[in-house]
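So the structure is just underneath, and the comments pick up after that.
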């Protein structure tokens, strides 16, 4: 395996030389390894680039790894992955993505992921994004996540992007049937002239459905972040979104959350707070012997933990 | 004075047969009365329909009434009013607006108000909107408020629309210099097929400037409300917006608040909550002997007080 790919895999998907269970490794637009298991079948998509992952009803305790890497400039990888999760299954899907360029050319990965969760299925979906390399070429990742949750289904999505990605635009769309639940936790740190855009659109169609969007971001240097969300309540449902952002240096954050309640039994709440680290927090850590910079790093690390 | 106009004036601007102090009454696009005082000069605008109000520096404790009425269908009144408030002045401006139609024709008033507050000037601006009449013609009010606050200036704006207006779109734009402060409180109730849109855009350009937007709304029947706001922090500043909405029947509320912080010392916060009246609140009042309807009305009245 290419050494850069291996480093990226370790960083974004807990790769330890091998994966246990079902996996598909995507490298520069090709397949660098695949394994199905008794309950999880991974096939190539007939219509074009990408895979189809079938998770049998009732599958429990298994993890599917589907990391994707671009290890050189001049590659724009576009892939469509579909996940069919059978009734009552409860699995973890790890979908890290790393892009690397050592030259002037852009390294780019666009993953379009569709999740179809059957009745009472549950998925923990982890997505870690990383850009590396010494080149001036742009490191870019634009993930799209489309989620359809059947009755009682639940998706928990953890998204982390802590550095090195010059540009990212992540779009997440979801439709929730009765009793379905979506939880999204995202942690994003940008620096330099990086730009990161997040765009959520969640439609609660079924009674007793619920969504929770939790966004934490740190914008350093001259970086720019944008948080957009729209939560639609069309039924008896609950929606909560919160967006907390810390500004450092000349970072800019733009938060645009929207709530649309068109059912009298929809309860929607949003909070957003943008600002720098409070002076007293820094002061408290300095009295413990830390320098101002150390105190700041400590607070940011805790915030993004 | 036309009886409908008199009723509208009483309802929207505390008219008691006469006004004390400076006033200008606008009726169906014409002037139905005007008075200047020693410190407050009201003139017709040379460029077209509307008035220019000059408030001398240091003027204190005076109230200016500038109500506008449309008392019949088929009238679309468009007016531009400018307010120049001198340094250190502290006054109240009452700008109620009533539209009435008894036929099929629309009664419509568009007031474009520009406020120029000099250093340390302070204005309490009250705006009450009302639609009346038995006609099928639409009652429509679309106010635009443009505010420029010089150093240390402050504007408090109270907007109330509690019924009868079929369509309203209120746009409020403000720019704040150092130490300037803007407070907006709006209370809006819609019913039937009424539609009300609120759109704020506030730019804090000066250090230590601050804005507070407080929106409370009730959407009943099949009515629709939209709350948009964008708070831009370009300096060391604080911004807070909150949007609370109660849904009754089939009311719909769409809240789209945005925060943009492009200065590390900008502190911006937003909260929004949309939902129906909590069951336990109703229950509590019912144990005190109220019917469910009475309990609901009591809670709504308190919320919009």
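Residue numbers (the numbering used here), protein chains in the order written: chain U, 13 to 317; chain A, 13 to 317.
In this text, a Cβ means the ideal position worked out from N, Cα and C, and glycines have one as well.
All values derive from a computational prediction rather than experimental measurement.
Mind checking whether residue i and residue j have CB atoms under 8 Å apart?
| i | j | result |
| --- | --- | --- |
| residue 117 of chain U | residue 149 of chain U | yes |
| residue 221 of chain U | residue 188 of chain U | yes |
| residue 106 of chain A | residue 135 of chain A | no |
| residue 315 of chain A | residue 258 of chain A | yes |
| residue 66 of chain U | residue 96 of chain U | yes |
| residue 83 of chain U | residue 272 of chain A | no |
| residue 268 of chain U | residue 296 of chain U | no |
| residue 287 of chain U | residue 142 of chain A | no |
| residue 151 of chain A | residue 111 of chain A | yes |
| residue 282 of chain U | residue 253 of chain U | yes |
| residue 270 of chain U | residue 237 of chain U | no |
| residue 262 of chain A | residue 233 of chain A | yes |
| residue 68 of chain A | residue 34 of chain A | no |
| residue 251 of chain U | residue 230 of chain U | no |
| residue 24 of chain U | residue 108 of chain U | yes |
| residue 203 of chain U | residue 175 of chain U | yes |
| residue 156 of chain A | residue 186 of chain A | no |
| residue 120 of chain U | residue 87 of chain U | yes |
| residue 36 of chain U | residue 16 of chain U | no |
| residue 138 of chain A | residue 94 of chain A | no |
| residue 301 of chain A | residue 278 of chain A | no |
Which chain U residues sit within Cβ distance under 9 Å of residue i?
| i | result |
| --- | --- |
| residue 246 of chain A | Chain U residues near residue 246 of chain A: none, gap ~10 Å exceeds 9 Å. |
| residue 268 of chain A | 242, 268, 269, 270, 271, 272 |
| residue 262 of chain A | 274, 275, 276 |
Whose Cβ in chain A lies nearer than 9 Å to the Cβ of residue i?
| i | result |
| --- | --- |
| residue 336 of chain U | The displayed coordinates of chain U run from 13 to 317. Any statement about residue 336 of chain U would go beyond what the structure contains. |
Going by Cα to Cα distance, which pick from the options is closest to residue i?
| i | options | result |
| --- | --- | --- |
| residue 213 of chain A | A/203, A/196, A/204 | A/196 |
| residue 71 of chain A | A/254, A/305, A/16, A/133 | A/133 |
| residue 14 of chain U | U/34, U/31, U/26, U/38 | U/38 |
| residue 184 of chain A | A/123, A/305, A/162, A/176 | A/123 |
| residue 130 of chain U | U/191, U/264, U/153, U/119 | U/191 |
| residue 90 of chain U | U/41, U/31, U/248 | U/41 |
| residue 289 of chain A | A/256, A/30, A/153 | A/256 |
| residue 264 of chain U | U/277, U/285, U/246, U/247 | U/285 |
| residue 349 of chain A | A/29, A/309, A/181, A/157 | No information on residue 349 of chain A is available, as it lies outside the stretch 13 to 317 that chain A covers here. |
| residue 217 of chain U | U/194, U/55, U/317 | U/194 |
| residue 81 of chain U | U/303, U/305, U/153 | U/153 |
| residue 73 of chain U | U/17, U/312, U/49 | U/49 |
| residue 163 of chain A | A/128, A/169, A/78 | A/128 |
| residue 199 of chain A | A/125, A/79, A/173 | A/173 |
| residue 61 of chain U | U/165, U/125, U/28 | U/125 |
| residue 311 of chain U | U/301, U/294, U/303, U/77 | U/294 |
| residue 51 of chain A | A/43, A/247, A/75 | A/75 |
Give me the DSSP bridge partner(s) of residue i.
| i | result |
| --- | --- |
| residue 122 of chain A | A/90 |
| residue 160 of chain A | A/128, A/187 |
| residue 53 of chain A | A/66 |
| residue 180 of chain A | A/153, A/208 |
| residue 102 of chain A | A/72, A/134 |
| residue 281 of chain A | U/285, A/252 |
| residue 19 of chain A | Answer is none; residue 19 of chain A lacks a bridge partner. |
| residue 84 of chain U | Note: residue 84 of chain U sits in no beta bridge, so no partner. |
| residue 140 of chain U | U/172 |
| residue 34 of chain A | A/76 |
| residue 97 of chain U | U/67, U/129 |
| residue 116 of chain A | Note: residue 116 of chain A sits in no beta bridge, so no partner. |
| residue 39 of chain U | U/42, U/81 |
| residue 111 of chain A | A/82, A/143 |
| residue 166 of chain A | A/134, A/193 |
Give me the chain U residues within the contact set of residue i, using Cβ-Cβ distance strictly less than 7 Å, ordered along the chain.
| i | result |
| --- | --- |
| residue 8 of chain A | There is simply no residue 8 of chain A to check, as chain A begins at 13 and stops at 317 in what is shown. |
Mind listing the chain A neighbours of residue i? Cutoff is C-beta to C-beta under 7 Å, in chain order.
| i | result |
| --- | --- |
| residue 259 of chain U | 273, 276 |
| residue 265 of chain U | 273 |
Mind pulling the beta strand (DSSP E) runs of 3 or more residues that sit fully within the region 190-275 of chain A?
Counting only runs of 3 or more, we get 193-202, 207-216, 221-231, 236-245, 249-259, 264-273.
Which ranges does the alpha helix (DSSP H) cover as unbroken runs of at least 4 residues, wholly within the region 291-316 of chain A, from first to last along the chain?
Segments of the alpha helix (DSSP H) lying fully in the region 291-316 of chain A: 291-299, 304-316.
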